[in-house]
Amino acid sequence: MSLIQGQVQVLDPIGLHARPASQIVKLVKESGLEITIGRPGQEFAKANSALRLMALKISTGETLTVEVPTADQALADSLIAQIQEFLKAD
Numbered sequence: 239m240s241l242i243q244g245q246v247q248v249l250d251p252i253g254l255h256a257r258p259a260s261q262i263v264k265l266v267k268e269s270g271l272e273i274t275i276g277r278p279g280q281e282f283a284k285a286n287s288a289l290r291l292m293a294l295k296i297s298t299g300e301t302l303t304v305e306v307p308t309a310d311q312a313l314a315d316s317l318i319a320q321i322q323e324f325l326k327a328d
């Protein structure tokens, strides 16, 4: 299976905390895909658990890589864009 990657930036002043983490988890579960998120060059976490995401201790201003296991570029782009929206400042 293909793996499409995209970049998102954490713009929320609190970083990646419970609310955006739970929004990401909901989106991932609805997609049915095993999406992973992490810092480039480091270990990634499955995005189906808010605790796993928050354990990454992501701070404001960090750029993350999102990996979407699909060959559907439009679907991957849409999911990555939605994740970016969840990471914006309120």
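According to our numbering, the sequence shown is numbered sequentially starting from 239.
Just so it is clear, CB atoms sit at the ideal spot from N, CA and C, and this is done for glycine as well.
Using a C-beta cut-off of 8 angstroms, the segment 290 to 304 makes contact with the segment 242 to 249, since at least three inter-stretch Cβ pairs fall below that distance. For Glu305, the pairing in a beta bridge is given by DSSP as Gln243, Thr274.
Scanning its chain for C-beta atoms nearer than 6 angstroms, with the 5 sequence neighbours on each side dropped, one finds around Ala259 the residues Ala288, Leu291, Met292, in chain order.
Assigned with DSSP and collapsed to three states, Ala283 falls in strand. In its chain, beyond the 5 residues on either side, Thr298, Ala327 have a beta carbon closer than 8 angstroms to the beta carbon of Pro251.
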